[in-house]
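There are 2 protein chains.
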Amino acid sequence: MNHRILAAAFAASALAAPSFAQRDAPAAPAPVDATVAALRDAALTDDLAYDIVEGLTTEVGQRLAATEAEARARTWAVAKLTALGFKNVHVETYTMPVWLRGVETATVTAPFPHDLKLVALGNSGATPAAGVTLPVVIFKTYGDLANAPAGSLTGKIAYIGNAMEPTQDGSSYGAYGPARFVGPALAASKGAAAVVIRSIGTDHHRNPHTGGTNWPEGVKPIPAAALSVPDAELLERIARRGKPITMHLTLTPRFAGQGTSGNVIADVPGSDPGAGIVLIGGHLDSWDLGTGAIDDASGVAITTAAAKRIMDAGTPRRTIRVVWFGAEEPGGYGGKDYARVHGGEPHAAAGESDFGADRVWRFETNLPDSAKPVGDRLASALAPLGISRGAGVGGDGTDVGPTMALGVAAIDLNQSGIRYFDTHHTPDDVLDRIDPEQLRQNVAAWTAMLAIVANAPEDIGKVTPRK
Amino acid sequence: MNHRILAAAFAASALAAPSFAQRDAPAAPAPVDATVAALRDAALTDDLAYDIVEGLTTEVGQRLAATEAEARARTWAVAKLTALGFKNVHVETYTMPVWLRGVETATVTAPFPHDLKLVALGNSGATPAAGVTLPVVIFKTYGDLANAPAGSLTGKIAYIGNAMEPTQDGSSYGAYGPARFVGPALAASKGAAAVVIRSIGTDHHRNPHTGGTNWPEGVKPIPAAALSVPDAELLERIARRGKPITMHLTLTPRFAGQGTSGNVIADVPGSDPGAGIVLIGGHLDSWDLGTGAIDDASGVAITTAAAKRIMDAGTPRRTIRVVWFGAEEPGGYGGKDYARVHGGEPHAAAGESDFGADRVWRFETNLPDSAKPVGDRLASALAPLGISRGAGVGGDGTDVGPTMALGVAAIDLNQSGIRYFDTHHTPDDVLDRIDPEQLRQNVAAWTAMLAIVANAPEDIGKVTPRK
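Chains as they are written, first to last, in my numbering: chain C, 167 to 633; chain Y, 167 to 633.
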């Protein structure tokens, strides 16, 4: 499909639509401003976003939060954003606890010997250096674990399975993610010595998916790791033989005290400071297994490339602020710090890109009534990119969430989640997961959004945050 | 497509064909015997082959040659083949050099730090335990390496790239494989301290492809490893920045003296010992990274399931011998030992299954003129499975090759290679790479082949082996 042809046809029909209006016909779409359409369509040939992803993944690599790698990434980011012509480019640091991966090996020792592929979950506790050899209890689902009696897992390794499948909107992450988010803590509460989960992922490669796990205040972290999906399937097949399973598990991650992380901030100054900032961005940190191409070099790249296009087209009404947030993965430290430092400044709207690099298929907002026409213009301008207006209320995002919680309107541009959890948090999160054409569609969507929102004459005031 | 419908239609047309013969029309296909067709079509519901692959990969796992794992696999095989009712089930052992994997890590230390995913090649030499830190010289192809001056690689790590793409007939393995087969020895001859190659593979996951490399007599093995394809692409992208690359490389595999490997042999005795044995099989050993599902549990499973079907249908004219060969991967030791021990027995034909578990698309033979009608009947019986007769001469196979070299006719059933090198020799060679429907088509093809060849009334005498 040629986006330009579609865009031109749609723009023409939108302008002409009022004369065709009839009773019972859908409301006429808002006209698309020719400047917006031109900016959007020019972005379909964008190379800057790919250049940023290629650069970050090649010249920096993995960017684990609060490590020297993330610091190198900030240096790279400042140089890049400055070279691109952004204003007020600077780093804002904060401190946070540091967690570092160690040795991670697992072997089924009975009934059949197998070396397994697994990775520690973020915030995992450690086994002794020599590992532990313990019986394994199989829970095919998180729900099965929840039903296990108190104390029944003492001295055992709990395995938690799942049946995650790909979903367009990523909803299966919410459905199956708790096995990782809170499964280890739940198993610990029932006495488990360690936990291995089936990766929260939709691929079938022997690349496990890491990701953070949470420990309630006062709970001592136990060793917790994710098996690759094929290794989890193997463990379940072994279990079906009905013989006791024993595993030798070694995980030696460690908490390394407090470290420094930071946000990199860059502005496209607007002509009307009182109109509020449009806050966009993604996160600069990544997990340490891959090079964080889809999570989230693509997010900082898409939003930066779009902001650069608006900047080059002239001064927008509203300041556009691009933030490459730090330390999203271990707990959204960058987003919280941004809101702490900047929450008192006027913000008109916020949105982040942190769901890979595949096509945007939907947008959702929670714009105030005074800005309803802004949403209508977004619908018209994004439709030629294959993006429809969702029926829900916007407000997603770990990084912009703390700012949105202060009453700033949300603009969500939702990317397809079909492929995302094949790669999410695995060693496979590298440059070749980026489809340049889909990346360009993202840049076009963000460019159109910024052209409309940053220049909207309407007032965009406070909203009631989504729960 | 419903194979049964096609088979019935084809059989009817074949029987009727002579009455439609005209000048310039293609030769009428040979009729398909109703018993052959029934056996073939029944095999399209086969579950035994999958059961064997599932069992070997679950209850045994990786089966590195001449290790205790391969010995456990032989024990498993003898029990399985005996339970299935095969006769003369036994193990024939031989000794061979043992090579064992050790630590394998690599880090680019300059100009940008990156941990790389790599695996030692079979027969790789070792670095000191603490590793080596050396400059890297990039050769994008094996041809580029061949042009490097003598002595130019002294004290350096040579990187050898390739541009392998999938091919139906696997021919790209021949085109690009030399970078692994002989690239390390060539680099050593020019002074290289170590070699890393881009995996000989067609996937884009961070799972490197191992496989044997060869050292000429008298050449001391140097450390030699394969990077995953994305890691190789990263290294080439770094190289394009034009700055010197330094790598810290640790590989500690070792040669562990002589060990015991063996072939597992099982017969379906025929009624006419003088008519010669039909030798079929695959290899029981695997590389140690995955569980050897497509390489080559599927091969032993397909051929065993087909032989079992013929056995259950009554005594064939010729003895069918199924061999689960040992130690194919490190150098075809099992195939050589079989020919040494059994080469003097009369063999009518030989064929092996060792190219995964995807559909058979072609067959080729080098049957003697006396048995030309056998080839014609194969063409008719295999056509409904989507298998065409190739224009080439059969004779493939590391395991049956040494027997074919004695003048035994070859029957090659060629599987699609499109997906094969995505998984070949990687940690991803596990059960879920097996497509049960395609596996059944293989069993049907081998069943039809055996039904025809083992029962052919024609004499199948010696042939001139393919070069």
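In this text, a Cβ means the ideal position worked out from N, Cα and C, and glycines have one as well.
Just to confirm before moving on: does the CB-CB distance between Val198 of chain C and Ala472 of chain C stay below 8 Å?
no
Does the CB of Val226 of chain Y have a neighbour CB from chain C at under 8 Å?
yes
For a quick check, are the C-beta atoms of Thr307 of chain C and Gly327 of chain C less than 8 Å apart?
yes
Taking 8 Å as the threshold (beta carbon to beta carbon), is Ile366 of chain Y in contact with chain C?
no
Going by the DSSP bridge assignment, what does Leu579 of chain Y pair with across the sheet?
Y:Phe529
Just how far apart, CA to CA, sit Ala235 of chain C and Thr379 of chain C?
22 Å
Given a threshold of 16 other Cβ atoms within 10 Å of its Cβ, counted over all protein chains shown, does Arg528 of chain C qualify as buried or as exposed?
buried
Are the C-beta of Arg170 of chain C and some C-beta of chain Y separated by less than 8 Å?
With a pLDDT of only 35 at Arg170 of chain C, under 50, the local geometry of the prediction cannot be trusted, and the value read off the model is given with reservation. Not closer than 8 Å to any Cβ of chain Y, the Cβ of Arg170 of chain C fails to qualify, so no.
Endpoints, the beta strand (DSSP E) within which Ile431 of chain C is located
Arg420 to Val434
Cβ closer than 8 Å: which chain C residues qualify as neighbours of Lys246 of chain Y?
Those within 8 Å of Lys246 of chain Y in chain C number zero; the least Cβ separation is about 15 Å.
With 7 Å as the C-beta to C-beta threshold (strictly closer), list the residues of the region 272–285 of chain C near chain Y in chain order.
Phe278, Pro279, His280 and Lys283
Short CB-CB distance (under 8 Å) between Ile404 of chain Y and chain C:
yes
Beta carbon of Pro419 of chain Y, beta carbon of Ala231 of chain Y: below 8 Å?
no
Roughly how far, in whole angstroms, is the beta-carbon of Ala620 of chain C from the beta-carbon of Ile486 of chain C, given that I think they are within contact range, below 8 Å?
5 Å
Establish whether the CB of Asn532 of chain C and some CB of chain Y are separated by less than 8 Å.
no
Using a Cβ cut-off of 9 Å, which residues of the region 369–383 of chain Y contact any Cβ in chain C, in chain order?
Asp369, His370, His371, Arg372 and Asn373
How many whole angstroms separate the CB atoms of Pro279 of chain Y and Pro410 of chain Y, which I take to be in contact at a CB cut-off of 8 Å?
Pro279 of chain Y to Pro410 of chain Y, Cβ: 14 Å. No contact.
Does the region 207–226 of chain C come within contact of the region 559–577 of chain C, defined as at least 3 CB pairs closer than 8 Å?
no
Same chain only: Cβ atoms within 6 Å of Gly252 of chain Y, ignoring 5 sequence neighbours per side
Strictly speaking, residue 252 of chain Y in this sequence is Phe, with Gly absent from that position. These residues qualify, in order along the chain: Ala432.
Using 8 Å as the threshold, is the C-beta distance between Phe519 of chain C and Gly448 of chain C below it?
The sequence shown places Ser at residue 519 of chain C, rather than the Phe named in the question. Their beta carbons are under 8 Å apart, which means Ser519 of chain C touches Gly448 of chain C by this criterion.
Element boundaries [alpha helix (DSSP H), containing Thr470 of chain C]
Ser464 to Asp478
Could you check how far apart the C-beta atoms of Gly498 of chain Y and Tyr586 of chain Y are, in whole angstroms? I think they sit under 8 Å.
Going by Cβ atoms, the distance from Gly498 of chain Y to Tyr586 of chain Y rounds to 19 Å, so no, they are not a contact pair.
Supposed close pair Gly297 of chain Y, Leu415 of chain Y - CB separation, criterion 8 Å
6 Å
Would you decide whether Glu530 of chain C is buried or exposed? Buried here means 16 or more other CB atoms lie within 10 Å of its CB.
buried
If I follow the unbroken alpha helix (DSSP H) through Pro120 of chain Y, where does it start and stop?
Limits of chain Y in this structure are 167 at one end and 633 at the other, which puts residue 120 of chain Y out of reach.
Taking Asp524 of chain C as the reference, give the member of C:Val489, C:Glu603 and C:Val362 with the closest Cα.
C:Glu603
Going by DSSP, which residues form a beta bridge with Arg364 of chain Y?
Y:Leu393
Determine which residues of the region 547–572 of chain C have a Cβ less than 9 Å from any Cβ of chain Y, and write them out in chain order.
none
Please confirm if Ala596 of chain C has its CB atom under 8 Å from at least one CB of chain Y.
Before going on, a small fix: residue 596 of chain C reads as Val here, not Ala. Yes, Val596 of chain C lies at the interface with chain Y (some Cβ there is under 8 Å from its Cβ).
Is His508 of chain Y helix, strand or coil when you go by DSSP?
helix
Work out the CA separation of Ala196 of chain C and Ala187 of chain C for me, nearest whole Å.
Since pLDDT at Ala187 of chain C reaches only 42, below the 50 mark, its modelled position is unreliable, and no value is offered.
Cα-Cα separation, Gly456 of chain C to Arg406 of chain Y:
21 Å
Rounded straight-line distance, which links the Cα of Leu214 of chain C to that of Leu605 of chain C
10 Å
Note the first and the last residue of the continuous beta strand (DSSP E) segment covering Trp490 of chain C.
Ile486 to Phe491
Among Y:Thr613, Y:Ile304 and Y:Leu282, which has the Cα closest to the Cα of Asp478 of chain Y?
Y:Thr613
Which chain B residues are close to Glu399 of chain Y, counting only those with a beta carbon under 9 Å from its beta carbon?
The displayed structure is made up of protein chains C and Y, and chain B is not among them.
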